[in-house]
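Only one structure is covered here, and it is reproduced in the block below.
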Amino acid sequence: MTASPNGIEMARIAAIAADSKAGEDLVALDVSEPLPLVDIFLLVTGRNERNVAAIADEVEEKLLETGHKRLRREGRQESRWVLLDFGDLVVHVFHEQERVYYGLERLWKDCPVVPLEIPAPASAD
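Just so you know, the sequence shown maps onto residues 2 to 126 in our numbering.
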């Protein structure tokens, strides 16, 4: 199995949204083989709790604007690890310390990485 086109498009939308709020170390993992109900995990790091909350809010807003329904959200109050479940896509927005501690990349190291194409910001020439 490989990630569905819908999952890949959702990951692209979420990655662009996360990048717009200074999300760092974006990694999309195709978890469709071990997890048949999910296509992609998108992992994002925020520098502090405020940044984590802003990233999660922007990702959620952009996915909702494009017609994707959120199934579940957890961790928003503490903003150390916010999980946004959109069915085909699950977004994990971590504070840098939580990202290192939980090491989801290590847990899912056998899953292929989905390339993310994030447009460069327009230059002010």
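All residues carry an ideal CB built from backbone N, CA and C; glycine is no exception.
Under 8 Å Cβ to Cβ from residue i, same chain only, skipping five residues before and after it: list those, please.
| i | result |
| --- | --- |
| N49 | H96 |
| D26 | L44, V45, T46, R100 |
| K63 | I14, A15, I17, A18 |
Taking 7 Å as the limit between beta carbons, can you name the residues of its chain near residue i, skipping five residues before and five after?
| i | result |
| --- | --- |
| L72 | D86, F87, G88 |
| R107 | none |
| M11 | L64, H69, F87, D89, L90 |
| W109 | L30, V32, F42 |
| V114 | V28, A29, L30 |
| G8 | D40, I41, D89, L90 |
| I119 | A16, I17, D20 |
Below 6 Å CB to CB, which residues in the same chain sit around residue i once its five sequence neighbours on both sides are set aside?
| i | result |
| --- | --- |
| C112 | L30, D31, V32 |
| K22 | A55, I56, E59 |
| R77 | V83 |
| S80 | E50, V53, A54 |
| E75 | L84 |
Tell me residue i's beta-bridge partners as DSSP assigns them.
| i | result |
| --- | --- |
| V114 | L30 |
| V128 | No answer is possible for residue 128: the residues shown for the chain start at 2 and end at 126. |
| G47 | H96 |
| I14 | Paired residue(s): none; I14 is not in a bridge. |
| I41 | D31, L90 |
Checklist entry - In the stretch 58-105, which residue ranges form an unbroken beta strand (DSSP E) of at least 3 residues, counting only runs that do not cross its ends? => result 73-75, 82-86, 90-96
Checklist entry - Do the stretch 3-20 and the stretch 70-90 meet, that is, are 3 or more Cβ pairs less than 8 Å apart? => result yes
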